[in-house]
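Data first, discussion second: the structure below is written as structure tokens.
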Amino acid sequence: MNEAYNAYRGGVSQLFGDSLVDMMMLRDDGGLLGVLVLEGDAGLDPETRRALSELETSILQETGVHVVTLAMPKKEAEERKRRIALLGGVRQKAERGRSDYQLRRMRTLLARSEKNLLAAGALTDKGLYNIAVSSAYYSACLAVKALLVMGGEEPHDPRRLLEAFMERFVKTGLVPRELSTSLIMLRDAHTEAEFRLRDFGKPDAEALLSESRKFLRAARTILEGL
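One point on numbering: in numbering that gives the first Met the number 0, the residue at position 19 of the sequence shown is 18, and numbering is uninterrupted.
Structure below.
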């Protein structure tokens, strides 16, 4: 993969020179996605398209790695900035076709997220606030996993789950930045409730339930748009 990555960057730099404003290389399970940002309103002329196609073919023959190129003028790239990472992760893979397993897994995770959220509400109503807090945390984690599984990743370690969510969705602007704080808050509350025997009250549980609900809403918004 690194060989293909370096060959593509070098070839693109030779082709475009100063007319290339920016370039993103996004790793995908099936290969690489190159997003090229061009100066002004410049597009790709037929000769350049042919040269890019030859470069992609050459890399495939030499390394076995598929490369897909997207090119856009700077103005368009700025307008679509929040979606560029999605092209290389969630949407690009969805457009190529999802495996049956991943689609089933995504639906299962969303369904479990919703059940945990409903359980958290019911437990709060019954005064079982500590258990409700943990259910709210699990609901948020399941919603995050549903998003990540569409990009080919399903972390089981809580730390990696947070890191992957930050990298793929928070830093790219696909979800509000506040959700990273919310996930940390829910994780810490779960730890307090389960292992440090803190007694949560109804206001605490209701506030955390409200934070958890944001994750299911965000996951549905993104995944239903695919």
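All C-beta atoms in this analysis are idealised placements derived from N, C-alpha and C, irrespective of residue type, glycine included.
Please read all numbers here as calculations on a predicted model, not as lab measurements.
Helix, strand or coil: how does DSSP classify P175 here? Counting from one through the sequence shown, the residue named residue 175 turns up at place 176. P175 falls in the coil class under three-state DSSP.
Check whether the region 99-106 and the region 161-175 touch, using three or more Cβ-Cβ pairs below 8 Å as the test. Judged by Cβ distances under 8 Å, the region 99-106 makes no contact with the region 161-175, as fewer than three pairs qualify.
Straight-line gap, D28 to T107 (C-alpha atoms, nearest Å): In the sequence shown, residue 28 corresponds to position 29, counting from 1. In the sequence shown, residue 107 corresponds to position 108, counting from 1. Bear in mind that the predicted position of D28 carries a pLDDT of just 48, short of 50, making it too unreliable to give a figure here.
Quick check on this structure: which residue in G120, G151, S138 and P202 has the alpha carbon closest to the alpha carbon of E113? By one-based count along the sequence shown, residue 113 stands at place 114. Comparing Cα positions, the closest option is S138.
Going by DSSP in three states, D198 sits in which element: helix, strand or coil? Position 199 of the sequence shown holds residue 198. Annotated three-state conformation of D198 is coil, per DSSP.
Rounded separation between V89 and E223 - CA only: Taking the sequence shown and counting its residues from 1, one reaches residue 89 at position 90. Taking the sequence shown and counting its residues from 1, one reaches residue 223 at position 224. Note that V89 scores a pLDDT of 48, beneath 50, so its modelled location is shaky and nothing firm can be said.
Closest to L185 by C-alpha separation, out of G200, K201 and A206, would be which residue? As a position in the sequence shown, residue 185 is number 186, starting the count at 1. Minimum Cα distance to L185 is reached at A206.
L86 in three-state terms, based on DSSP: Taking the first residue of the sequence shown as position 1, residue 86 is located at position 87. Because L86 carries a pLDDT of 46, less than 50, the predicted location of this residue cannot be relied on, and the following value inherits that uncertainty. The three-state reading of DSSP puts L86 in helix, counting H, G and I together.
Name the residue from E61, A121, V143 and I221 whose alpha carbon lies nearest to the alpha carbon of N5. As a first step, residue 5 is located in the sequence shown; it is residue number 6 there, counting from the start. N5 has its Cα closest to that of E61, out of E61, A121, V143 and I221.
Please name the residue, chosen from A119, D21, S179 and A50, that lies closest to D203 on a Cα-to-Cα basis. Working through the sequence shown from its first residue, we reach residue 203 at position 204. Per the Cα distances, A119.
Regarding P45 and the ligand HEM, is the C-beta to nearest heavy atom distance less than 7 Å? Looking at this structure, you won't find the ligand HEM or any other ligand, since it has none at all.
Does DSSP put V11 in a helix, in a strand, or in coil? Locating residue 11 in the sequence shown gives position 12, counting from the first residue. Note: V11 maps to helix in three-state DSSP.
Do three or more CB pairs link the region 173-191 to the region 213-222 at distances below 8 Å? Cβ pair count under 8 Å is three or more, so yes.
Which residues DSSP lists as bridging D21, in chain order: Taking the first residue of the sequence shown as 1, we reach residue 21 at position 22. Per DSSP, V36.
Is it true that the CB of L208 sits closer than 8 Å to the CB of A241? Outside the shown range of the chain (0 to 225) lies residue 241, about which nothing can therefore be said.
Excluding sequence positions up to five away, which residues of its chain have a Cβ less than 7 Å from the Cβ of A3? The residue given as residue 3 occupies position 4 in the sequence shown. Only residues of its own chain outside the window of five on either side were considered, and among them L31, I58, T62, V64 and V66 have a CB closer than 7 Å to the CB of A3, listed in chain order.
I need the boundaries of the alpha helix (DSSP H) containing R158, first residue and last residue. As a position in the sequence shown, residue 158 is number 159, starting the count at 1. Residue range P157 to F164 is occupied by the alpha helix (DSSP H) that includes R158.
Near K213, what residues of its chain come up, given a Cβ to Cβ distance below 7 Å and the 5 sequence neighbours on each side ignored? Sequence index remark: in the sequence shown, residue 213 carries index 214 (1-based). If the five residues before and after K213 are omitted, its C-beta is found closer than 7 Å to the C-beta atoms of L178 and S181, all from its own chain and listed in chain order.
Use the C-beta contact count for S12: other C-beta atoms within 10 angstroms, 16 or more gives buried, fewer gives exposed. One-based indexing of the sequence shown puts residue 12 at position 13. S12 counts as exposed, since fewer than 16 other beta carbons sit within 10 angstroms of its beta carbon.
Using a Cβ-Cβ cut-off of 6 Å (strictly less than) and excluding sequence neighbours within five positions of L54, which residues of its own chain qualify? Translated into positions along the sequence shown, residue 54 becomes position 55. Taking C-beta separations shorter than 6 Å and ignoring five residues to either side along the sequence, the partners of L54 in its chain run G10, following chain order.
Based on Cα-Cα distance, which residue from E193, G151 and Y136 lies nearest to P157? Mapped onto the sequence shown, residue 157 falls at position 158. The closest CA to that of P157, considering only E193, G151 and Y136, is found on Y136.
Which residue from P72, K201, Y7 and H189 puts its Cα closest to that of A50? The sequence position of residue 50 within the sequence shown is 51, counting from 1. Checking every option, the nearest Cα to that of A50 belongs to Y7.
Quick one: measure Cβ to Cβ for L141 and R111, integer angstroms, because I've assumed they're closer than 8 Å. If you number the sequence shown from 1, residue 141 lands on position 142. If you number the sequence shown from 1, residue 111 lands on position 112. Yes, they are in contact, since the Cβ atoms of L141 and R111 sit about 5 Å apart, within 8 Å.
Are the Cβ atoms of E199 and N129 separated by less than 8 Å? Counted from its first residue, the sequence shown places residue 199 at position 200. Counted from its first residue, the sequence shown places residue 129 at position 130. Rather than Glu, the amino acid found at residue 199 in this sequence is Phe. Cβ distance < 8 Å, so F199 and N129 count as in contact.
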